[in-house]
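Chains as they are written, first to last, in my numbering: chain A, 2 to 215; chain B, 2 to 215. Where is the CB? At the ideal position from N, CA and C, for every residue including glycine. Notes for the one structure printed next.
Protein chains: 2
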Amino acid sequence: MTDTKQRILDTAECLFAENGFAATSLRAIIAKAGVNLAAIHYHFHSKEALLEAVILRRAAPANQERMKLLDRCEQDAGNQPPSIEKVIEAFVAPAFRQARDPALGGPVFRHLTGRLYAEGDMMPRIIATHFRPVLERFATAIRRALPEMPPEELMWRVHFATGVVAQALRGTRAMEMFGVLHEASNSELVLDRLVTFLSAGFRAPVMKKVAQRG
Amino acid sequence: MTDTKQRILDTAECLFAENGFAATSLRAIIAKAGVNLAAIHYHFHSKEALLEAVILRRAAPANQERMKLLDRCEQDAGNQPPSIEKVIEAFVAPAFRQARDPALGGPVFRHLTGRLYAEGDMMPRIIATHFRPVLERFATAIRRALPEMPPEELMWRVHFATGVVAQALRGTRAMEMFGVLHEASNSELVLDRLVTFLSAGFRAPVMKKVAQRG
DNA sequence: GTCTATAACTTGATAGAC
DNA sequence: GTCTATCAAGTTATAGAC
């Protein structure tokens, strides 16, 4: 990959994560990257295709790792389904591992992922294309880990959990707003905290009011 | 309030919720509202001031109701702090109540709130101005409801919970992506599900690994 | 592959008639 | 209060020289 192309990808990743897709102009990217405007259209075709390239570069390996981790969980568990803790960790860990590796852009892409998850409907095509297979596989694993849970209830919990993951990935700037000191958000501890919080939510007994209606 | 002004507010609310702030042009608003471009600049001063007006119109009464509900919880509980369930419900219920009232714009503003929560850092000034007092009051209530929880851990759980609330408010379009049938998201049941999920997350025992480090 | 130049269009904002 | 007309700047994208 040429140096120019890579610098464009890096800079775009950074600015999309920082300001969002719509609010980031190509000219802001070329200014920070020190490249020519036409170079973007040469290497990528359009602004949207650039975003897709940015996503794919990091999401593809992360999603492969997610699948591999889930494979291993299911092997280790033998005939039984893996616990909800293991499934959640398999899904979230790759993003944190990536964030700790400067060669993979450090925490920048994690922020971008968080933003994309959170905006969600803003770029449904891209999300659906590159995340759907992984998400469906994990949805199945979650169903198997909690076979007693009514499907409708489980769907809602997955929905809620998506919000947690997005928030956790996006980082802690929201917390800083309140002037709270806190540990680095790529700490291993955050992953543990996340798994604890989510697993408890998933395992919570179904409310009677809800269960009666189905 | 003039009819024009109100139509601008309604339409802007709708489009900001649908497409985000940056991606919504003033001309898209005037087209859908059937008003003149200059009218926006006459009634509001700028695009950003329009957003703030949109937010304030709904957030102010909702936040007042949040405070009132929390007051009542604390009265009912006497000397003891109210349970985490009650605190969470006091915070979230007004948004759902508002969403069920067509006179208050129905679910539209709830979607917008969810988006603002989720984008978070995108409009920190507005969020900080209009939500900070409420959030600080509720943070205190949560601390009192869970006095055993180490403050650092609690901060993270509040951070995670913010993501859940944002996701729940934003609605279910992310779920629809997977073709799942589901009940209406302004159902009373969703509120119960949300409270159940979040309370369980908050009450989860602190992991040993985390507790050791503080 | 990289550049300049520019087309073609959209944006937020304003001036001034009515 | 509401309109038309317009500004100045910024946008994505392209054509064509090198």
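I'd like the span of the alpha helix (DSSP H) that includes B/Gly1, first residue to last. The structure shown does not extend to residue 1 of chain B, since chain B is modelled only from 2 to 215, so the question has no answer here.
Three or more C-beta pairs closer than 8 Å, one from the stretch 198-211 of chain A and one from the stretch 27-40 of chain B: is that the case here? Judged by Cβ distances under 8 Å, the stretch 198-211 of chain A makes no contact with the stretch 27-40 of chain B, as fewer than three pairs qualify.
Exposure label - B/Pro95; buried when at least 16 CB within 10 Å: B/Pro95 is buried by the Cβ-count criterion.
Could you give the DSSP three-state label for B/Ser218: helix, strand or coil? A query on residue 218 of chain B cannot be resolved here, the shown segment of chain B reaching from 2 to 215 and no further.
B/Leu195 beta carbon less than 8 Å from that of B/His131: No, they are not a contact pair.
For B/Ala169 and B/Val93, the rounded distance between their alpha carbons: Each residue's alpha carbon lies about 10 Å from the other.
Would you kindly work out how many angstroms separate the C-alpha atoms of B/Leu192 and A/Gly107, rounded to a whole number? Rounded to the nearest angstrom, the two C-alpha atoms are 37 Å apart.
Kindly indicate which three-state DSSP category A/Asp193 falls into: helix, strand or coil? Helix.
Under 8 Å between C-beta atoms of A/Ala146 and A/Ser188: Contact flag unset, no.
For A/Arg126, the nearest candidate out of A/Leu52, A/His46, A/Gly172, A/Val207 (CA to CA): The closest CA to that of A/Arg126, considering only A/Leu52, A/His46, A/Gly172, A/Val207, is found on A/Leu52.
Should the stretch 69-86 of chain B be called in touch with the stretch 149-161 of chain B, which here means at least 3 C-beta pairs below 8 Å? Touching, no.
Other residues of its chain near B/Ser200: CB distance less than 7 Å, five sequence neighbours each side excluded: The residues are Ile85, Glu86, Ile89.
Cutoff 8 Å: A/Phe92 Cβ touching any chain B Cβ: No, because no Cβ of chain B sits closer than 8 Å to the Cβ of A/Phe92.
Once DSSP output is grouped into helix, strand and coil, what is the label at A/Pro152? Residue state for A/Pro152 is assigned as helix, using DSSP reduced to three classes.
Taking 8 Å as the threshold (C-beta atoms), are A/Phe198 and B/Arg138 in contact? In terms of Cβ geometry, B/Arg138 and A/Phe198 do not form a close pair [threshold 8 Å].
In the DSSP assignment, find the unbroken alpha helix (DSSP H) run with A/His42 in it and report its ends. In the DSSP assignment, A/His42 falls within the unbroken alpha helix (DSSP H) covering 38-44.
For A/Gln213, go through chain B and note every residue whose CB falls closer than 7 Å to its CB, in chain order. Ordered by position in chain B, no residue passes the 7 Å Cβ test against A/Gln213, which lies about 10 Å from the chain.
For B/Leu147, three-class secondary structure by DSSP: Assignment of B/Leu147 by DSSP, reduced to helix, strand and coil, places it in the coil class.
Nearest-angstrom Cα distance between A/His160 and B/Leu16? In this structure, the straight-line span from the alpha carbon of A/His160 to that of B/Leu16 is close to 23 Å.
Measuring alpha carbon to alpha carbon, tell me which of A/Ser47, A/Glu14, A/Ala50, A/Ala185 ends up nearest A/Ala34. Nearest option by C-alpha distance: A/Glu14.
What are the residues in the stretch 195-213 of chain B lying within 9 Å of chain A by C-beta distance? Those would be Leu195, Val196, Thr197, Phe198, Leu199, Ser200, Ala201, Gly202, Phe203, Arg204, Ala205, Pro206, Val207, Met208, Lys210, Val211, in chain order.
Does the distance from the C-beta atom of B/Arg171 to that of B/Arg101 stay below 8 Å? Going by C-beta atoms, B/Arg171 is not nearer than 8 Å to B/Arg101.
How would you write the range of the alpha helix (DSSP H) that B/Asp77 sits in, first residue to last? Per DSSP, B/Asp77 belongs to the alpha helix (DSSP H) from 48-77.
Same chain, Cβ closer than 6 Å to A/Thr25, five either side skipped, listed in chain order: Within the same chain, and ignoring the five residues on either side of A/Thr25 in sequence, the residues whose Cβ sits closer than 6 Å to its Cβ are Leu16, Phe17.
Best match in A/Met2, A/Ser186, A/Gln7 for proximity to A/Arg98 [C-alpha to C-alpha]: Residue A/Ser186 is the option with its Cα nearest to A/Arg98.
Within 8 Å of any Cβ in chain A, is that where the Cβ of B/Ala167 sits? Output row for B/Ala167: interface = yes.
Expressed to the nearest angstrom, what Euclidean distance is found between the alpha-carbon atoms of A/Leu190 and B/Gly202? Those two C-alpha atoms are separated by around 16 Å.
Kindly examine the ligand GDP and report whether one of its heavy atoms sits closer than 7 Å to the Cβ of A/His46. Among the ligands in the structure shown, none appear at all, so the ligand GDP cannot be discussed.
Buried or exposed: which applies to A/His46, given that a residue is buried once 16 or more other Cβ atoms fall within 10 Å of its Cβ? Around the beta carbon of A/His46, fewer than 16 other beta carbons lie within 10 angstroms, which makes this residue exposed.
Contact set between B/Ala23 and chain A, taken where Cβ atoms lie within less than 7 Å: Result: Gly21, Ala23, Ala24.
Range of the contiguous alpha helix (DSSP H) that encloses B/Gln81: Element bounds for B/Gln81: n/a, residue is neither H nor E.
Proximal chain B residues relative to A/Arg28, where beta-carbon distance stays under 8 Å: Neighbours of A/Arg28 on chain B: none; closest Cβ ~15 Å, over 8 Å.
Classify A/Thr3 as buried or exposed, calling it buried when 16 or more other Cβ atoms lie within 10 Å of its own Cβ. Exposed is the call here.
Cβ distance (whole Å) where B/Gly164 is taken to contact A/Gly164 below 8 Å: Cβ atoms of B/Gly164 and A/Gly164 come within 8 Å of each other, at about 4 Å.
Where the alpha helix (DSSP H) containing B/Ala32 begins and where it ends: Start and end: 27-34.
Quick one: grab the DSSP three-state call for A/Val207. Three-state DSSP puts A/Val207 in coil, outside helix and strand.
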